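Count along the sequence shown from 1, then add 285; that gives the number in our numbering.
Step one of this worksheet: look at the structure below.
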Amino acid sequence: MTAQPAREDEAAPQAVSSGVPAHIGPGDRVGLAVAVRGLVKSYSGVPAVRGIDLTIRRGEVFALLGPNGAGKTTTVEILEGYRTRDQGEVSVLGVDPGRQRVKLKSRIGIVLQSTGIDPYLTVRETIAMYADFYPHPRSPDEVIELVGLQDKRDARVRRLSGGQQRRLDVGIALVGRPELLFLDEPTTGFDPSARREAWGVIKNLATLGMTVLLTTHYMDEAQFLADRVAVIAAGRVVAEGAPETLGDPGLAATRIRYRPPAEAAPPGGLTAVPGPDGYVEIMPEDLVEALHQLTGWAIDHRVRLDGLQVIRPSLEEIYLALTDPSSASGRPAPDRGGDQPGGGTA
Ligand SMILES: Nc1ncnc2c1ncn2[C@@H]1O[C@H](COP(=O)(O)OP(=O)(O)OP(=O)(O)O)[C@@H](O)[C@H]1O
Ligand SMILES: [Mg+2]
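Put into structure tokens, the structure is as follows:
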């Protein structure tokens, strides 16, 4: 169900304190959309979130990355006020979503991982219906424009493509003029051009000053949209930062590549590993020094360095290194036994 479904997973009382976490000083409070400290959540005794800390500034686009079952949706739903937490301090727009969900409801927009809109309503009727829930809604036509569904204004929801339905989900989330938008996998199942279009919509929202928290499995999406990302593995944040500077530089190395002439070995001190494609690769400790050494040697000895490239690790490579269960950074997922998503404690 999209927008404001009743979806508490359990009625157990929460062992939480309210308000802004103590580590957030008064000066920071104004600028923060989300502040989370020590968030913990289990389903039937099986931990899903194991102590997450997060801060998201107002106006920021923040992406949560992580493998299936890492705890992204659980975290997002706790922030939305649709799931209770076991421990930790959470502030969303200055409100504790666990205690003051009603206060928060009209100030946030939500796109859930899976949706359940009435398939027999038209696009316009659907948006108009949701608009009735809010004190100062956007007009349905403005929303339709924002998400680029003008051609489908009078089409029934069941006749929309998957990508168009997802746009409608985003539209519904925008109806109430939210300050903060939650997008759980907004472009899963989109074809490449629909994804690009959706990115345009989200970028546009960001330029209007909206704060966006999204989850995604697409590294290019995170790279394109997010000011900052956090990688979650097995319920913990394993890295956080701007997409271009994420992770420990030692995790995935910058490489120098070139196609050497048959007889030429690289200058002393540099180890060039031959690859299957005729290139050799050097993984230098100091990139600038190694490039200087290599190119100086090539000029002095009139050696051609065909196809010379410097390859920086992509966000995807860093992500894979961070979430690799066999590496020091990636944390192995615990044995979940018969635990199934969507089942359990309801
Ligand atoms: N309602 C539920 N009842 C029981 N266990 C659940 C429930 N929802 C999620 N879980 C479990 O909690 C863990 C975290 O799930 P969550 O949905 O938060 O992961 P996710 O990071 O969003 O994964 P995905 O990328 O597949 O969407 C998983 O092991 C999942 O099986
Ligand atoms: Mg999820």
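Don't be surprised by glycine CBs; every beta carbon is placed ideally from N, CA and C.
Since the structure is predicted, the reported quantities are computational estimates derived from the model, not experimental observations.
Item	Value
Cβ pair Gln-572, Val-319 closer than 8 Å	Here residue 572 is Leu; the residue named in the question, Gln, does not match the sequence. Contact: no.
Contacting residues, own chain, Cβ-Cβ under 6 Å from Pro-617 (five flanking each side not counted)	Residue confidence for Pro-617 is low, a pLDDT of 39 falling below 50, so the modelled location carries little weight and cannot support an answer.
In chain order, each alpha helix (DSSP H) run of at least 4 residues that lies wholly inside the region 491-560	504-510
Coarse secondary structure for Arg-639, derived from DSSP in three states	A question about residue 639 goes unanswered here, because the residues of the chain that appear run from 286 up to 631.
Status (buried if at least 16 other CB within 10 Å, exposed otherwise) for Gly-456	buried
Candidates Thr-358, Ile-603, Arg-342, Pro-477: closest to Val-334 by CA position	Thr-358
Start-to-end residues for the alpha helix (DSSP H) that takes in Arg-386	386-390
The region 550-557 / the region 375-384 touching (three or more Cβ pairs under 8 Å)	no
Limits of the alpha helix (DSSP H) - the one that Pro-425 falls within	425-431
Gly-489 beta carbon near ligand 1 (any heavy atom closer than 7 Å)	The amino acid occupying residue 489 in the given sequence is Asn; Gly does not appear at that position. No, since every heavy atom of ligand 1 falls outside the 7 Å radius drawn around the Cβ of Asn-489.
Spatially closest choice to Asp-439 from Tyr-405, Gly-461, Thr-360, by CA coordinates	Tyr-405
Straight-line Cα distance separating Val-514 from Glu-602	15 Å
Bounding residues of the beta strand (DSSP E) (the contiguous stretch that carries Phe-570)	The identity of residue 570 in the sequence shown is Glu, whereas the question assumes Phe. No beta strand (DSSP E) contains Glu-570, which DSSP labels as neither H nor E.
Per-residue burial, Val-558 [other beta carbons within 10 Å of its own, 16 or more giving buried]	exposed
Spatially closest choice to Glu-566 from Ser-478, Gln-594, Ala-458, by CA coordinates	Gln-594
Under 8 Å between C-beta atoms of Leu-421 and Glu-470	Per the sequence presented here, residue 421 reads as His, with Leu not at that position. Result no, Cβ atoms of His-421 and Glu-470 do not sit closer than 8 Å.
Exposed unless 16 or more other CB atoms sit within 10 angstroms - verdict on Glu-529	exposed
Cβ-based burial, Leu-468 [other Cβ within 10 Å; buried from 16]	buried
Paired residues, beta bridge with Leu-565 - DSSP	It is Val, not Leu, that sits at residue 565 in the sequence shown. Beta-bridge pairing links Val-565 to Tyr-543, Pro-559.
Chain-order list of residues whose beta-carbon lies under 8 Å from that of Ala-458 (same chain, five-residue window excluded)	Thr-287, Ala-288, Gly-394, Ile-395, Val-396, Leu-466, Phe-467, Leu-468
Close-in-space but distant-in-sequence residues of the same chain around Arg-480 (CB under 6 Å, 5 per side omitted)	Thr-472
Alpha-carbon spacing of Thr-496 relative to Thr-360, whole angstroms	17 Å
Inter-residue CB distance, Asp-634 and Val-325 (contact presumed, cutoff 8 Å)	Residue 634 is absent from the model: the chain starts at 286 and stops at 631.
Residue(s) in a DSSP beta bridge with Val-346	Val-497
For Thr-556 and Ile-596, believed in contact at Cβ under 8 Å, the rounded distance	16 Å between Cβ atoms; not a contact.
Contacting residues, own chain, Cβ-Cβ under 7 Å from Lys-488 (five flanking each side not counted)	Leu-510
Status (buried if at least 16 other CB within 10 Å, exposed otherwise) for Gly-581	exposed
Host alpha helix (DSSP H) of Arg-451 (start-end)	447-459
Status (buried if at least 16 other CB within 10 Å, exposed otherwise) for Gly-494	exposed
Thr-530: CB within 7 Å of a non-hydrogen atom of ligand 2	no
Residue closest to Leu-590, alpha-carbon to alpha-carbon, out of Ile-363, Gly-366, Tyr-328, Tyr-564	Tyr-564
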